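Student: Quick note: the sequence shown, position 323, residue 308 per this note's numbering, numbers continuous.
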Amino acid sequence: MATTTSVSSRRSLVTFLAGVAAIVVLLTWLAGWALPVVIFAIIVMIMGHEFGHFITAKRSGMKVTDFFVGFGPVVWSTTRGETRYGVRALLLGGYVKVPGMTWTDEIDPADEHRTYRAASYPRKVLFASAGSLMHLVMALVLAWASLTLVGLPSSSRIGIQSFTPWDGHARNAAQIAGMKVGDQIVSINGHAITSSTTLVNAVHDSSGKNLTVVVARNGRDLTLHATPVDGRTLKVDGKSLVSGAAPQGYLGIGLENQVARSSVIAAVPSSFQRVGYTVWLTTIAMVHVFSPGEFSSLFHQVASPTVATSPTVAQNRPRSIVGIARVAVQSAHAGLGVLLEILMAVNISIGLLNMIPMLPLDGGYVAVATYERLRSRSGRRYRADINRMVPYAYAFMTVLVVLFLSTMYLDIVHPIANPFQ
């Protein structure tokens, strides 16, 4: 027979899931499908971060007493073994609790060997940085998915983006030949088209000549025949298309670099390259965000609506969670590839932010563990006094709070224009 505790836990879980379903339906009704998707992605990021701490603690032999998503009042929880799992009301983060994060914590002597402070230096560093490493892993997965499922514009895949209307002509040469928007130009007269320059030169040099054009459409190659028209005889919006003594052939098409997907294997090194480049750019941006000049700029934006609404200033300012969520929702409407790119960048930003060597961030624990290791000598283990670092931690948190509140105010009162329109 099920115990009263297990029955209560199941009821709490059912109530919690029903509440989540109701919220998803409400958000979808009010704001469309993109907002619930973005919120779910952010929650997955949080859980991935905490799972990194959780699994490394378990593998290192540390005791994990709590694994929670969110802060505040407990919405649902259950205990499995020695660990309590659950969800709290404010989904603004999460935490994994391991005893002995400081030397002043009172620990049962029987559990001392399984505390964080009793772990070796490599295990401490791995545990503290595991959350950020998980963000890096998630960023790599997102980059790989973007390359394999969506792809990137390729300079070697030249496609038709649009048709140019010619004055006095119902259809231009490309339309007469049967070309359509979205076609990829594969070859002309048997010569492969691997760049826009190759295509333009082939057409310009063939005024009045019949060309055999192979296009790729819906996975099939089609052979068409087109005759470029001398641009000197054409007008667009009343203006001559081209002048000069020599004829130049035109088909009347606008070109684009079409998207090409990477293979499952080829996408792996490309994913590392994309993530590495984004890490570099994000690091530079983060140094700028914490500079005195950026805080001065934020102050002027908060104080002056004119400054805050300046397109140049607004596009370059850091975003709060509100602004990040809005951009992610906008990217979802712009396409799957754009959404995956934004989520990749968000993961990298969160991972790097957490590794800043200041308490209470993960990087602060890495810094403390490293300092203790450098101060330790054979047979004597140095113990850092965390209390002496509290003023610095408060000062750093004050900076974060100012940054958080000012960017949130700006994102709510003066939202940045949709960058994908």
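Think of the CB as a built atom: it goes at the ideal place given N, C-alpha and C, for glycine as much as any other residue.
None of these values were measured; they are calculated from a predicted model.
Tell me the start and end of each unbroken alpha helix (DSSP H) in the segment 246 to 320 that is at least 4 residues and wholly inside, in chain order.
Tutor: Segments of the alpha helix (DSSP H) lying fully in the segment 246 to 320: 252 to 274, 277 to 288, 290 to 293, 296 to 301 and 306 to 319.
Student: I'd like the span of the beta strand (DSSP E) that includes Tyr70, first residue to last.
Tutor: Segment Thr68 to Lys82, the beta strand (DSSP E) holding Tyr70.
Student: Measuring only between beta-carbons, confirm whether Thr355 sits less than 8 Å from chain C.
Tutor: Absent from the structure: chain C. Only one protein chain is present.
Student: Gly144 and Glu241: beta carbons closer than 8 Å?
Tutor: In this structure, Glu241 lies closer than 8 Å to Gly144 by Cβ.
Student: To the nearest angstrom, how far is it from the Cα of Leu226 to the Cα of Gly193?
Tutor: Each residue's alpha carbon lies about 16 Å from the other.
Student: I need the straight-line Cα distance from Val260 to Leu219, nearest angstrom please.
Tutor: Each residue's alpha carbon lies about 47 Å from the other.
Student: Am I right that Val298 and Gln286 are in contact with their C-beta atoms under 8 Å? What's the rounded C-beta distance?
Tutor: The pair is a contact, with the Cβ atoms about 6 Å apart (cut-off 8 Å).
Student: Per DSSP, Ser172 is paired with what?
Tutor: Beta-bridge pairing links Ser172 to Ala177 and Val199.
Student: Note down, in chain order, each residue of its chain lying with its Cβ closer than 6 Å to the Cβ of Ser191, except the 5 sequence neighbours on either side.
Tutor: Contacts found: Pro213 and Gly234.
Student: For Tyr379 and Ala26, what's the separation of their Cα atoms in angstroms?
Tutor: The straight-line gap from Cα to Cα measures roughly 30 Å.
Student: From what residue to what residue does the beta strand (DSSP E) around Pro436 run?
Tutor: With the chain covering -14 to 406 only, the question about residue 436 has no answer from this structure.
Student: Pick from Gly17, Val72 and Ala252: whose alpha carbon is nearest that of Thr0?
Tutor: Checking every option, the nearest Cα to that of Thr0 belongs to Val72.
Student: Based on DSSP bridge pairs, tell me the residues matched to Pro138.
Tutor: In DSSP, Pro138 forms a bridge with Val244.
Student: Is Thr197 buried or exposed, if buried means 16 or more other CB atoms sit within 10 Å of its CB?
Tutor: That one is exposed.
Student: According to DSSP, which residues form a beta bridge with Ser147?
Tutor: Beta-bridge pairing links Ser147 to Gly239.
Student: Straight-line CA distance for Arg69 to Thr63?
Tutor: Rounded to the nearest angstrom, the two C-alpha atoms are 6 Å apart.
Student: Sort Lys109, Pro58, Trp18 and Leu11 by Cα distance to Asn46 and report the nearest one.
Tutor: Note that residue 46 is Gly in the sequence shown, not Asn. When each option's Cα is compared against that of Gly46, the closest is Lys109.
Student: If distances are taken between C-alpha atoms only, which option among Leu184, Met32 and Met393 comes closest to Asn174?
Tutor: Measuring from the Cα of Asn174, the nearest candidate turns out to be Leu184.
Student: Work out the CA separation of Ile401 and Gln300 for me, nearest whole Å.
Tutor: Taking the straight line from one Cα to the other gives about 7 Å.
Student: Would you kindly check if the distance between the Cβ of Asp347 and the Cβ of Gly116 is under 8 Å?
Tutor: Going by C-beta atoms, Gly116 is nearer than 8 Å to Asp347.
Student: Return the chain-ordered list of same chain residues with a C-beta closer than 8 Å to the C-beta of Ser139, the five sequence neighbours on each side being excluded.
Tutor: Result list for Ser139: Asn242, Gln243, Val244 and Ala245, in chain order.
Student: Determine, using beta-carbon pairs with one atom in the segment 305 to 318 and one in the segment 8 to 28, whether at least three such pairs fall under 8 Å.
Tutor: Cβ pair count under 8 Å is three or more, so yes.
Student: Where does Phe381 fall in DSSP's three states?
Tutor: Helix.
Student: Kindly indicate which three-state DSSP category Pro107 falls into: helix, strand or coil?
Tutor: Helix.
Student: For a test of the three-state rule: what should DSSP assign to Asp215, helix, strand or coil?
Tutor: In the structure shown, Asp215 sits in a strand (DSSP, three-state: E or B).
Student: From His210 to Ile178, what distance separates their C-alpha atoms?
Tutor: Spanning the two alpha carbons is a distance of roughly 16 Å.
Student: Can you give the Cα-Cα distance for Val122 and Gly4, rounded to whole angstroms?
Tutor: Distance between the alpha carbons of Val122 and Gly4: 31 Å.
Student: Just to confirm, is the Cβ distance from Ile397 to Val253 under 8 Å?
Tutor: Cβ atoms of Ile397 and Val253: not closer than 8 Å.
Student: Just how far apart, CA to CA, sit Arg205 and Val199?
Tutor: One C-alpha to the other measures close to 10 Å.
Student: Look at Asp152 and Arg202 and say whether their C-beta atoms are less than 8 Å apart.
Tutor: No, Cβ-Cβ distance for Asp152 and Arg202 is not below 8 Å.
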